[in-house]
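Participant:
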Amino acid sequence: MPKYARGSDIDLDEAYGALLDKHAPMRRNIRTKTDMHRTHHCEDKECGGAAPKAKCIIKLHFAFCLAPVVDEDSSSPTYGHVVIHGQRFAVISPQGCAEHPYRAEYNLDLKDVRNGRADYEIRWKKIFNAFQVEHQSEMQREVARMNATQKEMGMTSHQKQTLRTRQDNFEYQQQRKLDIAAKTTAFLKSRHEEINLTGNSLGSSWSSIAHLRELKPTLPEPREDVATGEIGAELALRIGAVTGQDLRSMFSSLWLHGELFEDEEDSRENVEQHRDWASVNLEQPKQLEVAVPNAGWLQNQLFHEVDSCVTDTELGKITAPSVVDKVPADSRATQALSTAVIPLLRRKEAKQVKRERATRSRALARTVAVDIATQAADKHLFARSKHERKAQRPKGLSRTAMRKFA
790 MPKYARGSDI DLDEAYGALL DKHAPMRRNI RTKTDMHRTH HCEDKECGGA
840 APKAKCIIKL HFAFCLAPVV DEDSSSPTYG HVVIHGQRFA VISPQGCAEH
890 PYRAEYNLDL KDVRNGRADY EIRWKKIFNA FQVEHQSEMQ REVARMNATQ
940 KEMGMTSHQK QTLRTRQDNF EYQQQRKLDI AAKTTAFLKS RHEEINLTGN
990 SLGSSWSSIA HLRELKPTLP EPREDVATGE IGAELALRIG AVTGQDLRSM
1040 FSSLWLHGEL FEDEEDSREN VEQHRDWASV NLEQPKQLEV AVPNAGWLQN
1090 QLFHEVDSCV TDTELGKITA PSVVDKVPAD SRATQALSTA VIPLLRRKEA
1140 KQVKRERATR SRALARTVAV DIATQAADKH LFARSKHERK AQRPKGLSRT
1190 AMRKFA
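Throughout the sequence shown, residue numbering follows my numbering, covering 790 to 1195 in sequence.
1. Determine contact between the region 914-925 and the region 869-881, defined as no fewer than three beta-carbon pairs at a distance below 8 angstroms.
2. Mind the definition here: the region 850-857 touches the region 880-895 only if three or more C-beta pairs lie below 8 angstroms; say whether that holds.
3. Express the C-alpha separation of Thr1163 and His1176 in angstroms, rounding to a whole number.
4. On a CA-only basis, which of Ala1158, Trp1086, Ile881 and Phe1171 is nearest Asp901? Give me that one, please.
5. Candidates His947, Ala971, Phe917 and Gln956: which alpha carbon is nearest Met935's?
6. Quick one: Cα of Lys844 to Cα of Ile916, how far?
7. For the beta strand (DSSP E) that contains Arg877, what are its first and last residues?
8. With DSSP as the reference, label Ala1196 as helix, strand or coil.
9. Tell me, which residues are paired with Gly943 by DSSP?
10. Helix, strand or coil: how does DSSP classify Ala1152 here?
11. In the DSSP assignment, what are the bridge partners of Ile969?
12. State the beta-bridge partners of Ile873 as determined by DSSP.
13. Decide if Phe1171 is buried, meaning its Cβ has at least 16 other Cβ atoms within 10 Å, or exposed.
14. For the ligand GDP, any of its heavy atoms closer than 6 angstroms to the Cβ of Ala893?
15. Run through DSSP, which three-state label would Ala1158 get?
16. Please report how far the alpha carbon of His850 lies from the alpha carbon of Thr867, in whole angstroms.
17. Looking at Leu899: is its Cβ nearer than 7 angstroms to the Cβ of Ala852?
18. Quick check: Glu941 and Lys949, are their CB atoms within less than 7 angstroms of each other?
19. Going by C-alpha distance, which of Glu861, Ser863, His889 and Ile846 is nearest Ala879?
20. With H, G and I counted as helix, E and B as strand and the rest as coil, what does DSSP make of Ala852?
21. Name the DSSP beta bridge partners of Pro866, please?
22. Out of curiosity, what's the CA-to-CA distance linking Leu1153 and Gln1141?
23. Taking all protein chains shown into account, decide if Glu1145 is buried (16 or more other Cβ within 10 angstroms of its Cβ) or exposed.
24. So who's on the other strand from Pro883, going by DSSP bridges?
25. Is it buried or exposed for Gly943, if we count other Cβ within 10 angstroms and need 16 for buried?
26. State buried or exposed for His1169, treating a residue as buried only when at least 16 other CB atoms are found within 10 Å of its CB.
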């Protein structure tokens, strides 16, 4: 057996001659996957298609690439399916397969064997299954896309636009779910790293639990006359989570108001007002004061007190204060005063409207008269011109005679 590195088919033919069948192990083991072993299949007869060993590196054996690819050979029975790449490369090569190198995370099982790792993990099968699932999903999307294209052939433009909008929305929702999952994973990972850096939080929680167990004989027992909040407050005090001053501020009726609107220069009146508010019994709702619809209430609602000077915006005048001061409290007198002032304003407005209406009527009458006179003048001119043309014709000959002589 030659000792040099066999890098081509010519070297293999020189070594094995007619006994070498390069495609037989690929078809038998790689394509059909009937006799596959742990990681890869060495093509040398000495290994018998088993996993690589140290002697494979020493004897410069060749291995098959285990990267998953889609079979594009139309004559192959596995056309269109996910299969093993099967390209030969030297076991001693530090890069691996030319199309699927080690740095692309392919053939890592063979790389572990080369580096002398005995208990290595079989990873090529996981990569193969993941690629197969991705290929199947891509084929399903392609089939759905083709069905949508065939469906669009018999649609109107509006139906096509609606279908495309739905497809875009579906793709957006799928991408949004993937982005949210990626962000959540990154956040949880960063949170886990922060917890590991800050210290062992689990140990501190266990120490708190142990401290609670020590305080168990002295903790208050729940009774019927003791509220749950008081037990929690006493427990928080004994653990040391809060202080007595914090508890007093929390259980006070205005602790939230003090937290939100804290003012050092608060006056005594506001404090008294807050105390009055705190003393209100919320369980007994206060009855609302409803106004009694009597004559006095109706008088106050309808006739409010007027100022000493009332301005008339329409007339631009100011009513005398003496008139307003003499307004009696009786409703009848008030109504009489309103009936005395309001009709005066209404008469002046009516006169102004009547005057404007008469002006418009006169203007319209003048326009109609001018139109009638213009039409009469036009008719008179037309009749006069017609009479003049008729007088200019030669006498004694009619139109028929004139046509004959012409």
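In this text, a Cβ means the ideal position worked out from N, Cα and C, and glycines have one as well. Computed from a predicted structure; not experimentally measured.
Facilitator: Reading off the structure:
1. Result yes; three or more Cβ-Cβ pairs closer than 8 angstroms.
2. Cβ pair count under 8 angstroms is three or more, so yes.
3. Spanning the two alpha carbons is a distance of roughly 20 angstroms.
4. Scanning Ala1158, Trp1086, Ile881 and Phe1171 for the CA closest to the CA of Asp901 turns up Ile881.
5. When only C-alpha atoms are compared, the closest one is Gln956.
6. Approximately 27 angstroms between the Cα atoms of the pair.
7. For Arg877, the enclosing beta strand (DSSP E) begins and ends at Arg877 to Ala879.
8. The shown model of the chain, from 790 to 1195, leaves out residue 1196, and the question about it has no answer.
9. Answer is none; Gly943 lacks a bridge partner.
10. Note: Ala1152 maps to helix in three-state DSSP.
11. In the DSSP output, where bridge partners are listed per residue, Ile969 has none listed.
12. Residue pairing by DSSP puts Ile873 in a beta bridge opposite Pro857.
13. The residue in question, Phe1171, is exposed, as its Cβ has fewer than 16 Cβ neighbours within 10 Å.
14. Looking for the ligand GDP in the displayed structure turns up nothing, as the structure carries no ligands at all.
15. In the structure shown, Ala1158 adopts helical secondary structure according to DSSP, grouped into three states.
16. Their backbone Cα atoms lie some 28 angstroms apart in a straight line.
17. Contact flag set, yes.
18. The answer is yes: Cβ separation under 7 angstroms.
19. Taking only the C-alpha atoms, the option nearest Ala879 is Ile846.
20. In the structure shown, Ala852 falls within a strand segment according to DSSP collapsed to helix, strand and coil.
21. According to DSSP, Pro866 shares a beta bridge with no other residue.
22. Straight-line spacing of the CA atoms in Leu1153 and Gln1141 works out to 19 angstroms.
23. Counting the other CB atoms within 10 Å of its CB gives Glu1145 a total below 16, which places it among the exposed residues.
24. Beta bridge pairing from DSSP links Pro883 with no other residue.
25. Answer is exposed; the Cβ neighbour count stays below 16.
26. Within a 10 Å sphere around the beta-carbon of His1169 sit fewer than 16 other beta-carbons, which makes this residue exposed.
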